[in-house]
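Step one of this worksheet: look at the structure below.
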Amino acid sequence: MTQHFDFFEEAALPAPEITLTQAAEYVRATYGIDGDVTELGSQQDANFLIDADARYVLKVSNAAFTREDLAAQDLAAAQVARLEPDIQVPVAIPGPDGSTVQPVALGDQSTYVRLVTFVAGDVLSDSSYLAPEIVAALGDLAARTSRALAGLAGQVPPRSLQWDLRNAAEVVTRLADFVAVPGGPDAVLAAARTAAKALAPYAGTLPLQVIHGDLTDDNVIAAVDADGRRRPVGVIDFGDLAESWSIAELAVTCTSLLHHSPDPSTMLPAIVAYNRIRPISDDELAALGPLVVLRAAALAVSGQQQTQVDRDNQYATENLAREWAIFERATSVPLEILTELIRASVRPHRERRTAQGAALLWTAEDQPVVPTPLDLSTTSIDLHDGLFLVEGAEAAPALKRDGSVAVAVPYLQPRLTRTRLNSFEAPASIGLGVEVFAGQDLELRAPWAGVVERHDDAVALKGPDGVTLWLSGANVSAVGAVETGEILGRLATHASLRVQVSDLDTRPPFFVPASLADAWAESCPDPTGLLDPAAAHTPPAADREALLERRDNAFATVQEHYFREPPQIERGWQNHLFDTEGRSYLDMVNNVSILGHGHPRLAAAVERQWRLLNTNSRFHYRAVVEFSERLAALLPGPLDTVFLVNSGTEAVDLALRLAWANTGRRDIVAVREAYHGWSGATDAVSTSVADNPNALGSRPSWVHTVAAPNAYRGQYRGPDAYRYGEDAVASVNELTEAGHPPAAFLSESFYGNAGGMALPDGYLQTVYDAVRRAGGLCIADEVQVGYGRLGNHFWGFEQQGVVPDIVTVAKAMGNGHPLGAVITTAAIAAGYRSQGYFFSSAGGSPVSCVAGTVVLDVLRDEQLQGNARLVGNHLRTRLLELADRHPIIGAVHGMGLYVGVELVRDRSTLEPASAETAAICERMRELGVIMQPTSDRLCVLKIKPPLGITIADADFFADALDRVLTEGW
139 MTQHFDFFEE
149 AALPAPEITL
159 TQAAEYVRAT
169 YGIDGDVTEL
179 GSQQDANFLI
189 DADARYVLKV
199 SNAAFTREDL
209 AAQDLAAAQV
219 ARLEPDIQVP
229 VAIPGPDGST
239 VQPVALGDQS
249 TYVRLVTFVA
259 GDVLSDSSYL
269 APEIVAALGD
279 LAARTSRALA
289 GLAGQVPPRS
299 LQWDLRNAAE
309 VVTRLADFVA
319 VPGGPDAVLA
329 AARTAAKALA
339 PYAGTLPLQV
349 IHGDLTDDNV
359 IAAVDADGRR
369 RPVGVIDFGD
379 LAESWSIAEL
389 AVTCTSLLHH
399 SPDPSTMLPA
409 IVAYNRIRPI
419 SDDELAALGP
429 LVVLRAAALA
439 VSGQQQTQVD
449 RDNQYATENL
459 AREWAIFERA
469 TSVPLEILTE
479 LIRASVRPHR
489 ERRTAQGAAL
499 LWTAEDQPVV
509 PTPLDLSTTS
519 IDLHDGLFLV
529 EGAEAAPALK
539 RDGSVAVAVP
549 YLQPRLTRTR
559 LNSFEAPASI
569 GLGVEVFAGQ
579 DLELRAPWAG
589 VVERHDDAVA
599 LKGPDGVTLW
609 LSGANVSAVG
619 AVETGEILGR
629 LATHASLRVQ
639 VSDLDTRPPF
649 FVPASLADAW
659 AESCPDPTGL
669 LDPAAAHTPP
679 AADREALLER
689 RDNAFATVQE
699 HYFREPPQIE
709 RGWQNHLFDT
719 EGRSYLDMVN
729 NVSILGHGHP
739 RLAAAVERQW
749 RLLNTNSRFH
759 YRAVVEFSER
769 LAALLPGPLD
779 TVFLVNSGTE
789 AVDLALRLAW
799 ANTGRRDIVA
809 VREAYHGWSG
819 ATDAVSTSVA
829 DNPNALGSRP
839 SWVHTVAAPN
849 AYRGQYRGPD
859 AYRYGEDAVA
869 SVNELTEAGH
879 PPAAFLSESF
889 YGNAGGMALP
899 DGYLQTVYDA
909 VRRAGGLCIA
919 DEVQVGYGRL
929 GNHFWGFEQQ
939 GVVPDIVTVA
949 KAMGNGHPLG
959 AVITTAAIAA
969 GYRSQGYFFS
979 SAGGSPVSCV
989 AGTVVLDVLR
999 DEQLQGNARL
1009 VGNHLRTRLL
1019 ELADRHPIIG
1029 AVHGMGLYVG
1039 VELVRDRSTL
1049 EPASAETAAI
1059 CERMRELGVI
1069 MQPTSDRLCV
1079 LKIKPPLGIT
1089 IADADFFADA
1099 LDRVLTEGW
């Protein structure tokens, strides 16, 4: 074949000029198709959507391309369709002469036209955010496309394209001056030169094949999945088809992902997925990072050039900012780091490197100093009570080490002190060196011979084999060449010194986010050996995935965990949880921790009592009396007698037994869609199919259910919701008339499990009256909704204006300590004696009672019920505003800080957005919010945070949800 096109022989490639009218007339005359015509974007061609009985795309080629070039594109699309039939591609429509490539004259210029079928769907670039699964699906699509095109060897005309990455360095060199961004020309030239140099050793041996050449998110068609995510299903625009390096296909795809996230690690799922189908060789792996940088640089300069030679090209102009952002992100880390990040995604991690040399720290008495390790990790005992959030927190624990000459934070230790509350981004928490805190004045001596250089706030000691020691925080007086052991300077008492070793040409950051830490560590060896020559090398950090595997092996998997890839949470403080990488998460779901996490008053009281006594309630001690009195005093007068147990399950189980004992009956009336526990009795009355898919079908004969009083999506809605009470009364009457009067009616007093919905006004009063007329008892399950969570009411039943016969409580009672209670009348309590006596081994233990009493003290002293009302009202206002802008929000339920945001696919049909809700919770976790779905349809965001959350916390949650619903999930 002869050469058909050479970009370097073309001064510019302005898109052909053709009007909408001309396009419509041409399609009518050539293909006999009449339809509406809409212009589509293109950088160097002209494309039009033809909307007729079917939909087509008219592709008007740049005059620089030949008939053979275009025929090859049709051939490639057909090849992909044949070998990968589940990948949708455009099909070329033959013209009157049977050819898919037709000539057209545009004024004094001739070119070629093709009509292809329109691939339905959205382009993937319409999604601002791409979930890891979608990134992986894109990598899979790229690999399968590459596999299909590999069979076209020798069937594609050779072309020297602007977009062929073999030409990228030359393209950047020629077009750099077109870049209008300040400093841009120098930046793209430097990046391209560095990448080309790194690529050079592999360029001659990388495998060649026919590739699509522009398999980007702009040219990938996506279909909306059940979870509302756009998933790649098709490939369009084969205009950059050429023979090139096989790995260039993946490089182009990865580069396009960089405009979706500033973190280059987000492209790794695509590489992993590609490698499963098209295994990447070591040489290709080494070339991939440089190719990503070259593609980003070529994209940036080409876009700038195109807008200047074709100033009316709106498509090219609109892409400038995005293309420059891609370049900045591709070069946001040194190429060595990007290359290692990519390599480690599909290859084993390398053993950590360590720096060797003479001792760095010395006393004035000529003794080497080995610092004592200082733990600033998530599990550090020195960081209790929120100390890690206090300014100067890193030095404070260090100064507590009385008698230590120096202490040091270990290499690569994730520091909780670097966390950021209410942040969408993970913190730069990993130290790429060792930080020393001096307990007295110390000398610094050169660990090796080298040359001292000053760099702003740091000093570099260039050493052997290209390794540099970086020191910051010390008073370094040495200049120029020094010998091993020569004094470099001094470190003052209470000052800190950061010690870092690197083989990079430029100074590395001292802190990096966890997602990049391993890649940076490859270029920043462990400097611990300079502080403690006897120290072993730093082992890799504990693997979260390995721990999860151990959990699955030892801990029954029916005890499920939150999230697809759960973070390893090892600390809580107030309204936030913290993982082992130092990332903070706003806890919006943990209604057990009503006071928040790590409350110092509770911790101190429990520790004190545990040191004194912890036994069972058969012994006589003060704590059980005082707590029972405090608890009973919070309820209406008749409810004055307390049973103490360990959980909500035990509390509801005991309440049922009290009803059976006092009435001599067995039948129970329960509300559908509720969860009350996992014991035999409580599971029998739990009817939530989300917790047990067979809940309704497996009920024993003594359980009778009434409809869930859901005023939003149930049988009776809005003002008709009062009829739920009437129907429940009818059920109670029917049971009684049939000779099965109920022993009790059991319900949550605020519809918690269904998503934080208030019961219809008067519902409990109506049903309670009917039950009591039948001789039954009324049980209010306050396990989830009680204890001030509703803001306006301490107990949920107060919102209904009723007084139950039995109240069950748990969860919030102990702020995470296993504690539950049943509160009833003295007469009902005494009725249990017909069954014998009641005893719970740990229920009512001294420690449990102290925990319960302190929870009540803190609720009162910190006015948390009032805070629930104040912040809950603010949060509700924010959520209702979001509902005005996001149709997926069907309703905002709840009161105070028991809130449910119900997500629907259609506000008319109320079709539950269950899959979307699960995906949204995953995305919220990525943004730093813990959220989970609830209700039988699992389409409600259950918002049950600690009662101490602030207005700022509520705003962060609302902002995060707004971002997810705006950008996608």
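Residues in the sequence shown are numbered consecutively from 139, following the working numbering. Ideal Cβ placement from N, Cα and C applies to all residues, glycine included.
Distance CB(residue i)-CB(residue j) smaller than 8 Å
i, j, result
"S1046", "C1077", "no"
"C916", "D943", "yes"
"V960", "L792", "yes"
"N930", "G1034", "yes"
"G524", "Q551", "no"
"V242", "V273", "no"
"S986", "L1018", "no"
"T238", "R220", "no"
"I806", "A882", "yes"
"A657", "I475", "yes"
"N713", "K949", "no"
"E422", "I385", "yes"
Nearest-angstrom beta carbon gap, residue j and residue i [assumed within contact, 8 Å]
i, j, result
"R810", "A846", "5 Å"
"T354", "V390", "6 Å"
"F932", "L772", "6 Å"
"Y267", "R205", "Not really, about 41 Å apart at Cβ, beyond 8 Å."
Residue i to residue j span [Cα, whole Å]
i, j, result
"R467", "N784", "53 Å"
"G924", "L997", "12 Å"
"Q903", "W840", "23 Å"
"R855", "R702", "35 Å"
"Y759", "P984", "8 Å"
"D725", "L715", "6 Å"
"A411", "E687", "21 Å"
"A876", "A868", "12 Å"
"T801", "T946", "18 Å"
"G259", "D821", "46 Å"
"L346", "F256", "30 Å"
"G952", "L432", "58 Å"
"L884", "D919", "7 Å"
"A306", "A425", "13 Å"
"L313", "D375", "24 Å"
"D1100", "V317", "35 Å"
"S470", "L1048", "45 Å"
"G604", "S653", "26 Å"
"A544", "L629", "10 Å"
"T140", "S248", "Residue confidence for T140 is low, a pLDDT of 49 falling below 50, so the modelled location carries little weight and cannot support an answer."
"Q973", "A819", "16 Å"
"F976", "V921", "21 Å"
Assigned exposure category for residue i - 16 Cβ within 10 Å defines buried
i, result
"K335", "exposed"
"P228", "buried"
"H350", "buried"
"D1074", "buried"
"I1089", "exposed"
"W711", "buried"
"T606", "buried"
"A150", "exposed"
"S265", "buried"
"W748", "exposed"
"E708", "exposed"
"P565", "buried"
query: Which runs of the beta strand (DSSP E), 3 residues or longer, sit entirely within the segment 954 to 1005?
result: 958 to 962
Within the segment 597 to 676, ranges of the alpha helix (DSSP H) (whole runs, at least 4 residues)
652 to 661 and 666 to 669
Run through the segment 471 to 553 for me and flag every whole beta strand (DSSP E) of 3 or more residues, listed as ranges in chain order. 544 to 547
* Can you give, in chain order, each stretch of the beta strand (DSSP E) that sits fully within the segment 144 to 192 and has at least 3 residues? -> 174 to 178 and 184 to 189
* Quick one: which unbroken alpha helix (DSSP H) runs of 4-plus residues sit fully inside the segment 831 to 917? Chain order, please. => 861 to 875 and 901 to 911
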